[in-house]
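Undergrad: Protein chains in written order, with our numbering: chain A, 123 to 270; chain B, 123 to 270.
Ideal Cβ placement from N, Cα and C applies to all residues, glycine included.
All figures in this text were calculated on a predicted structure; none of them were measured in a lab.
Number of protein chains: 2
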Amino acid sequence: MKNDGKNRLETMIGKLKGNGYKITPQRLAILKILSTSIGHPSVEKIYEQVKKNFPTISRATVYKNILVIKDLGEVLELAFSNDSNRYDGHLPHPHPHAICTECKKIVDSELEILKDFTQKVREETGFRIYDHRIDFFGLCPDCQKNKE
Amino acid sequence: MKNDGKNRLETMIGKLKGNGYKITPQRLAILKILSTSIGHPSVEKIYEQVKKNFPTISRATVYKNILVIKDLGEVLELAFSNDSNRYDGHLPHPHPHAICTECKKIVDSELEILKDFTQKVREETGFRIYDHRIDFFGLCPDCQKNKE
DNA sequence: TCTTAAATAATAATGATTATCTTTTATTTG
DNA sequence: CAAATAAAAGATAATCATTATTATTTAAGA
Ligand SMILES: [Mn+2]
Ligand SMILES: [Mn+2]
Ligand SMILES: [Zn+2]
Ligand SMILES: [Zn+2]
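1) Strictly by DSSP, which residues pair up with residue 258 of chain B?
2) Would the beta-carbon of residue 231 of chain B fall within 8 Å of that of residue 217 of chain B?
3) When Cβ atoms are compared, which residues of the region 151 to 166 of chain B fall closer than 7 Å to chain A?
4) Shorter than 7 Å, the distance from the beta carbon of residue 224 of chain B to the closest heavy atom of ligand 6, or not?
5) Give me the Cα-Cα distance between residue 188 of chain A and residue 205 of chain A, rounded to the nearest whole angstrom.
6) Which partner residues does residue 200 of chain A have in the DSSP bridge list?
7) Could you please give the first and the last residue of the uninterrupted beta strand (DSSP E) stretch that includes residue 228 of chain A?
8) Is the shortest distance between the beta-carbon of residue 176 of chain A and the beta-carbons of chain B less than 8 Å?
9) Just the C-alpha distance for residue 181 of chain A and residue 228 of chain A, rounded to the nearest angstrom, thanks.
10) Specify the secondary structure class of residue 157 of chain A as computed by DSSP and reduced to three states.
11) Between the region 232 to 250 of chain A and the region 234 to 254 of chain B, can you find at least three pairs of beta-carbon atoms closer than 8 Å?
12) Name the chain A residues that come within less than 7 Å of residue 246 of chain B, Cβ to Cβ?
13) Return yes when at least one heavy atom of ligand 4 lies under 7 Å from the C-beta of residue 227 of chain B, else no.
14) Are the region 249 to 263 of chain A and the region 161 to 172 of chain B touching, with three or more C-beta to C-beta distances below 8 Å?
15) Is any beta-carbon of chain B found at less than 8 Å from that of residue 243 of chain A?
16) With 8 Å set as the bound, which would you pick, yes or no: does the beta-carbon of residue 254 of chain A sit closer than that to a beta-carbon of chain B?
17) Starting from the C-beta of residue 214 of chain A, find all residues in its chain whose C-beta is less than 7 Å away, skip the five residues before and the five after it, and write them out in chain order.
18) With a threshold of 8 Å between beta carbons, is residue 133 of chain B in contact with chain A?
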């Protein structure tokens, strides 16, 4: 692991301060969840979590904080057509995901072969490529077992 | 090309009839657009196009028809977070796309390397994979020129 | 401590898509 | 061909995640 939760949190806080943002208790709580979660939480999940310590927090606060952190490049947003957005503050740079259509689990994937793939698409289409969104849908190991 | 517009249209009509759906003039017009378009049109684009011959058509009709055709597996839906959905009735099975962030052009990609990639994700995550959504974002050749 | 710009919280607005309901029509049957 | 009917069209309302607005509160620097 290049970045554990602590380092990610430090990075986020540093970036916010460096850009003149204030560190509020609510903001810090959101940052902590984003930096340590590997499960790609939704706004609702984050909201419910923060609510435990800040019972009056508004959903809008969660949305706005995520927007700020996203614009600073410190969280990756995964938007879906039906389900609501999911966030990765642990690995904020674009990477492939495996998504379980049963339990909605989202698992990171990091494969060298992606570079070759991207290069081939570049050659095939003539595009100058600088971003990607790669989702594989299927059944996670747990849900495969439960289907037996 | 395995399927030209004509064959795709025949396939779609056959599938609809085979499943007890009626062939209305409006539905046929939508099918024609979906089967021949290689530009991944939006609902709005389809609506505007059909409107030329059927001035009273409703957006709801376009939406409902696309839903039917999608459920029959004859059109691929590409949903986005900000922009509205785009549809591919020419190549209805999942395949990668190159998307221009400038002019919103969407170009098909079909590469053998995808099979290797999928296999590697399978091994890496333990998922049983049966679908994917792969988008590469960047600048198309035209928009690269216009930036010079 | 005082000042002030930024953040929070509550609430309204947005916009693409879906649902509902009435009218119209494609297809089947006699 | 005419009648019957289930499906489709068209109009409009509802949905729901997200964004915008606005009044109130607060973090952080002087
Ligand atoms: Mn991730
Ligand atoms: Mn396509
Ligand atoms: Zn699962
Ligand atoms: Zn372009």
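TA: Result, derived from the coordinates:
1) DSSP output for residue 258 of chain B lists A/254, B/220 as bridge partner(s).
2) In this structure, the beta-carbon distance from residue 231 of chain B to residue 217 of chain B falls below 8 Å.
3) Listed by position along the chain: nothing, the set is empty.
4) Ligand 6 is not part of this structure, which contains only ligand 1, ligand 2, ligand 3 and ligand 4.
5) The alpha-carbon atoms of residue 188 of chain A and residue 205 of chain A are separated by roughly 17 Å.
6) Answer by DSSP bridge pairing, in chain order: A/208.
7) Per DSSP, residue 228 of chain A belongs to the beta strand (DSSP E) from 228 to 230.
8) It does not: the Cβ of residue 176 of chain A has no partner Cβ on chain B nearer than 8 Å.
9) Approximately 23 Å between the Cα atoms of the pair.
10) Note: residue 157 of chain A maps to helix in three-state DSSP.
11) Because the criterion of three Cβ pairs below 8 Å is met, the region 234 to 254 of chain B and the region 232 to 250 of chain A touch.
12) Here the neighbours are 231, 233.
13) Yes.
14) Note that the region 249 to 263 of chain A does not touch the region 161 to 172 of chain B; fewer than 3 beta-carbon pairs, one per stretch, sit closer than 8 Å.
15) Yes, contact with chain B.
16) Chain B, which has a Cβ nearer than 8 Å to the Cβ of residue 254 of chain A, makes this yes.
17) Cβ-Cβ distances below 7 Å link residue 214 of chain A to 195, 196, 197, 198 in the same chain, with the five nearest sequence neighbours on each side left out; the list follows chain order.
18) For residue 133 of chain B, not one C-beta of chain A is nearer than 8 Å to its own C-beta.
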